[in-house]
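K.L.:
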Amino acid sequence: MDSDLRPGDDHPAHDLKARVRAVLERRNLTDNVSAEQAAASWEQDRFVARARALFYARMMFLTLGLLILAVPAWSGYFGFNGPISFLGYFAMLIYSVANLLVIDHPKAGRWVTYLSLCFDLLITVVLIARPQVGGGLQSPLLATQLLFTTLFAILFPKPLAILPPLLALPITTRLDLLLNRSVTAVELLTLLWYLGLNFIIVYVLVYLNEREATAHREVVSLQGDLKELAVVEERNRLAREIHDGLGASLSSMIIQAEYILNLAREDGLRTEIREMKATAEESIEELRRNLRMMRDDFELAQGLEDYVKTFRERTGQDIRFERTGLTRKLPPDAQLALFRILQECLSNAAKHAEAKEVQVRLDFSAEGVHLVVRDNGKGFDPGRTPRGHYGLLNMRERAMKLGGSIVVDSAPGAGAQVAFSLPCLSA
Numbered sequence: 001m002d003s004d005l006r007p008g009d010d011h012p013a014h015d016l017k018a019r020v021r022a023v024l025e026r027r028n029l030t031d032n033v034s035a036e037q038a039a040a041s042w043e044q045d046r047f048v049a050r051a052r053a054l055f056y057a058r059m060m061f062l063t064l065g066l067l068i069l070a071v072p073a074w075s076g077y078f079g080f081n082g083p084i085s086f087l088g089y090f091a092m093l094i095y096s097v098a099n100l101l102v103i104d105h106p107k108a109g110r111w112v113t114y115l116s117l118c119f120d121l122l123i124t125v126v127l128i129a130r131p132q133v134g135g136g137l138q139s140p141l142l143a144t145q146l147l148f149t150t151l152f153a154i155l156f157p158k159p160l161a162i163l164p165p166l167l168a169l170p171i172t173t174r175l176d177l178l179l180n181r182s183v184t185a186v187e188l189l190t191l192l193w194y195l196g197l198n199f200i201i202v203y204v205l206v207y208l209n210e211r212e213a214t215a216h217r218e219v220v221s222l223q224g225d226l227k228e229l230a231v232v233e234e235r236n237r238l239a240r241e242i243h244d245g246l247g248a249s250l251s252s253m254i255i256q257a258e259y260i261l262n263l264a265r266e267d268g269l270r271t272e273i274r275e276m277k278a279t280a281e282e283s284i285e286e287l288r289r290n291l292r293m294m295r296d297d298f299e300l301a302q303g304l305e306d307y308v309k310t311f312r313e314r315t316g317q318d319i320r321f322e323r324t325g326l327t328r329k330l331p332p333d334a335q336l337a338l339f340r341i342l343q344e345c346l347s348n349a350a351k352h353a354e355a356k357e358v359q360v361r362l363d364f365s366a367e368g369v370h371l372v373v374r375d376n377g378k379g380f381d382p383g384r385t386p387r388g389h390y391g392l393l394n395m396r397e398r399a400m401k402l403g404g405s406i407v408v409d410s411a412p413g414a415g416a417q418v419a420f421s422l423p424c425l426s427a
């Protein structure tokens, strides 16, 4: 055997599971991720990537700001000649780094990014309006306002969220008037021109963002539908193979048992053959029931009632079945759990409890579906399950997997009651 070959190297399914697990862990998702959760995770990743790009853009602006403070002619132009200017610069650096540290948080990351971007915009407005000569609508930095509109639209594509950069232009105009700088016709044209560019940027980016988000949601939904369709097709294929293979074998066993029964003369042998035939008939009935579940052609209430009837005829127990509420379709996993728990309860009532009467109630309500099985047998202590008996454990595991609850109420000599409840589920 080649020493380079290791167990698992030739199993693509193992590698696929490992890749899926890695992606789920990276995105903090569970195995049962829904389309909405997947879309939300994608939107969060997209925001984080764009917010990181904002941080790097901020570093470039901070570098330019450091040059302004370092060159006397430039700092004099903006009037930044004291220690307060350096304190303001380091404050910007601190909140930029703080924003980077919380950027991955689903809620705090967005709020801190938005507030820090508003601070950046405020500082930019000050830089634009501060110079007495060449400031305001005449400032060469006025074009920076378009960049902020773009950043707000990319990171927060909502009408109210984009409002701050749009207000920067009228605020700059108002500051010009407060600083006794007259607004000329050319500056008015500049204002109108920038307003037009702002609305074009906002419209294009918000429109493209919505198209991108809608397309992604459609793709995620389509992937979920294709996955479910593949599962249904595989179930149907397995149902056909099981029906044509195992079903045919069990049918042949029943026919052979009937033939041997007609040939047998000894009473003990005939009894054994009848039991073998009954077991084969029960197995083929179980097979058909599972095939109906696989093909989503199983009616729960009628299936439970039929099983109670068959069990009553086979054991001779007095088993009563009651159904209340408006019947509705349940997912296959929920139907199977209800059926298996009923099987386990009736089997325990016949084998261990030696019950004479059993009451089965199936109730459909607005909150969910409830199955209650009560017998008048000898009862038991639910806290002391015999070693090697896994019936109660299996029932609890089924309930936990589906988000339901199961309550076992019993005591020695007082019978037993098992109440299984599932939340409101739809197929």
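If you're matching positions, the sequence shown starts at 1 in the UniProt record's numbering and goes up one per residue. The C-beta atom is built at its ideal place from N, Cα and C for all residues, glycine as well.
Measuring CA to CA, which of 38, 19 and 146 is closest to residue 224?
P.N.:
The residue given as residue 224 occupies position 224 in the sequence shown. For the residues 38, 19 and 146, the minimum Cα distance to residue 224 belongs to 38.
K.L.:
What separation, rounded to the nearest whole angstrom, lies between the Cα atoms of residue 4 and residue 340?
P.N.:
In the sequence shown, residue 4 corresponds to position 4, counting from 1. In the sequence shown, residue 340 corresponds to position 340, counting from 1. Low per-residue confidence applies at residue 4: pLDDT is 45, beneath 50, and the placement is therefore not dependable, though the value from the model is reported in the following sentence. Each residue's alpha carbon lies about 46 Å from the other.
K.L.:
Taking the C-alpha atoms as reference points, what is the distance between residue 220 and residue 408?
P.N.:
Sequence index remark: in the sequence shown, residue 220 carries index 220 (1-based). Sequence index remark: in the sequence shown, residue 408 carries index 408 (1-based). If you take the alpha carbons of residue 220 and residue 408, they lie about 41 Å apart.
K.L.:
Since I believe residue 354 is in contact with residue 377 (beta carbons under 8 Å), could you give me their beta-carbon distance rounded to a whole number of angstroms?
P.N.:
Residue mapping note: residue 377 aligns to position 377 of the sequence shown, counting from 1. Residue mapping note: residue 354 aligns to position 354 of the sequence shown, counting from 1. Confirmed, Cβ separation roughly 5 Å.
K.L.:
Using DSSP bridges, identify the partner residues of residue 362.
P.N.:
Against the sequence shown, residue 362 aligns to sequence position 362. Answer by DSSP bridge pairing, in chain order: 323 and 371.
K.L.:
Which of the three DSSP states, helix, strand or coil, is assigned to residue 182?
P.N.:
In the sequence shown, residue 182 corresponds to position 182, counting from 1. Looking at residue 182 - three-state DSSP - the assignment turns out to be coil, as it is neither helix nor strand.
K.L.:
Alpha carbon to alpha carbon, how far is residue 218 from residue 104?
P.N.:
If you number the sequence shown from 1, residue 218 lands on position 218. If you number the sequence shown from 1, residue 104 lands on position 104. Their backbone Cα atoms lie some 25 Å apart in a straight line.
K.L.:
I'd like the span of the beta strand (DSSP E) that includes residue 414, first residue to last.
P.N.:
As a position in the sequence shown, residue 414 is number 414, starting the count at 1. That residue, residue 414, is in no beta strand (DSSP E); it is neither H nor E in DSSP.
K.L.:
In chain order, what residues of the same chain lie with their CB nearer than 7 Å to the CB of residue 328, ignoring the 5 residues before and after it?
P.N.:
Position 328 of the sequence shown, counted from the start, is the residue given in the question as residue 328. Closer than 7 Å at the Cβ level, and outside the excluded window around residue 328, lie 364.
K.L.:
Out of curiosity, what's the CA-to-CA distance linking residue 299 and residue 414?
P.N.:
Residue numbering aside, residue 299 sits at position 299 when the sequence shown is read from its first letter. Residue numbering aside, residue 414 sits at position 414 when the sequence shown is read from its first letter. So the alpha carbons of these two residues sit roughly 33 Å apart.
K.L.:
Could you check whether residue 168 and residue 132 sit closer than 8 Å to each other, using their CB atoms as the reference points?
P.N.:
Counting from 1 along the sequence shown, the entry for residue 132 is found at position 132. Counting from 1 along the sequence shown, the entry for residue 168 is found at position 168. Contact flag unset, no.
K.L.:
Whose C-alpha, out of 180, 187, 356 and 352, is nearest the C-alpha of residue 130?
P.N.:
Working through the sequence shown from its first residue, we reach residue 130 at position 130. That would be 180, whose Cα lies nearest to the Cα of residue 130.
K.L.:
Look at the Cβ atom of residue 368, then the Cβ atom of residue 421, and state whether they are nearer than 8 Å.
P.N.:
Here the question's residue 368 lines up with position 368 in the sequence shown. Here the question's residue 421 lines up with position 421 in the sequence shown. A contact, by the Cβ cut-off of 8 Å.
K.L.:
Sorted by chain position, which residues of the same chain lie with C-beta nearer than 6 Å to residue 250's C-beta, five sequence neighbours on each side aside?
P.N.:
In the sequence shown, the residue the question calls residue 250 occupies position 250. So the list reads 280, 283 and 284, once near-sequence residues are dropped.
K.L.:
Compare the C-alpha of residue 205 against each of 258, 155 and 96 and name the closest.
P.N.:
Position 205 of the sequence shown holds residue 205. The residue with the shortest Cα to Cα distance from residue 205 is 155.
K.L.:
Can you pull the DSSP bridge partners for residue 423?
P.N.:
For this step, residue 423 is matched to residue 423 along the sequence shown. Bridge partners of residue 423: 368.
K.L.:
What would DSSP say about residue 104, mapped onto helix, strand or coil?
P.N.:
Your numbering for residue 104 matches position 104 in the sequence shown. Reduced to three states, the DSSP call for residue 104 is coil.
K.L.:
On the CB-based measure, 16 or more other CB atoms within 10 Å of its CB, does residue 207 come out buried or exposed?
P.N.:
Numbered from its first residue, the sequence shown carries residue 207 at position 207. Exposed, by the Cβ-count rule.
K.L.:
Would the beta-carbon of residue 99 fall within 8 Å of that of residue 157?
P.N.:
Translated into the one-based positions of the sequence shown, residue 99 becomes position 99. Translated into the one-based positions of the sequence shown, residue 157 becomes position 157. Not closer than 8 Å, so no.
K.L.:
Would you decide whether residue 307 is buried or exposed? Buried here means 16 or more other CB atoms lie within 10 Å of its CB.
P.N.:
By 1-based counting over the sequence shown, the position of residue 307 is 307. Buried, by the Cβ-count rule.
K.L.:
Looking at the secondary structure, which residues open and close the alpha helix (DSSP H) in which residue 391 lies?
P.N.:
Taking the first residue of the sequence shown as position 1, residue 391 is located at position 391. Looking at the DSSP string, the run of the alpha helix (DSSP H) that includes residue 391 is 391-401.
K.L.:
Give the C-beta separation of residue 149 and residue 165 to the nearest angstrom, bearing in mind that I take them to be a contact with Cβ-Cβ under 8 Å.
P.N.:
Here residue 149 refers to the residue found at position 149 of the sequence shown. Here residue 165 refers to the residue found at position 165 of the sequence shown. 4 Å between Cβ atoms; contact.
K.L.:
Does the beta-carbon distance from residue 350 to residue 302 come in below 8 Å?
P.N.:
The residue given as residue 350 occupies position 350 in the sequence shown. The residue given as residue 302 occupies position 302 in the sequence shown. Taking 8 Å as the Cβ cut-off, residue 350 and residue 302 do not qualify as a contacting pair.
K.L.:
Can you round the beta-carbon distance between residue 359 and residue 320 to whole angstroms, since I take them to be within the 8 Å contact cut?
P.N.:
Along the sequence shown, one-based indexing puts residue 359 at 359. Along the sequence shown, one-based indexing puts residue 320 at 320. Residue 359 to residue 320, Cβ: 5 Å. Contact.
K.L.:
Just checking my contact of residue 68 with residue 55 at CB under 8 Å: how many whole Å lie between their CB atoms?
P.N.:
For the purposes of this step, residue 68 is taken as residue 68 along the sequence shown, with counting starting at 1. For the purposes of this step, residue 55 is taken as residue 55 along the sequence shown, with counting starting at 1. No, residue 68 and residue 55 are not in contact; Cβ-Cβ is about 20 Å, not under 8 Å.
K.L.:
Return helix, strand or coil for residue 299, following the three-state DSSP convention.
P.N.:
The residue given as residue 299 occupies position 299 in the sequence shown. The answer is coil: DSSP assigns residue 299 none of H, G, I, E or B.
K.L.:
Keeping to the same chain, check which residues put their C-beta closer than 7 Å to that of residue 125; ignore five residues upstream and five downstream.
P.N.:
Residue 125 sits at position 125 when you count from the first residue of the sequence shown. These residues qualify, in order along the chain: 168, 171 and 172.
K.L.:
CB residue 342 to CB residue 287, shorter than 8 Å?
P.N.:
Stepping through the sequence shown from its first residue, residue 342 is reached at position 342. Stepping through the sequence shown from its first residue, residue 287 is reached at position 287. No, the Cβ-Cβ distance between residue 342 and residue 287 is not below 8 Å.
K.L.:
Please find out if some non-hydrogen atom of the ligand HEM comes closer than 7 Å to the beta-carbon of residue 375.
P.N.:
This structure does not include the ligand HEM; it has no bound ligands of any sort.
K.L.:
Can you list the alpha helix (DSSP H) stretches of 4 or more residues lying completely in the segment 142-212, in chain order?
P.N.:
As far as the segment 142-212 is concerned, its whole alpha helix (DSSP H) runs of at least 4 residues are 144-155 and 163-178.
K.L.:
Below 8 Å on the Cβ atoms is my contact criterion, and I expect residue 95 with residue 119 to pass it. Report the Cβ-Cβ distance as a whole number of Å.
P.N.:
Against the sequence shown, residue 95 aligns to sequence position 95. Against the sequence shown, residue 119 aligns to sequence position 119. Confirmed, Cβ separation roughly 7 Å.
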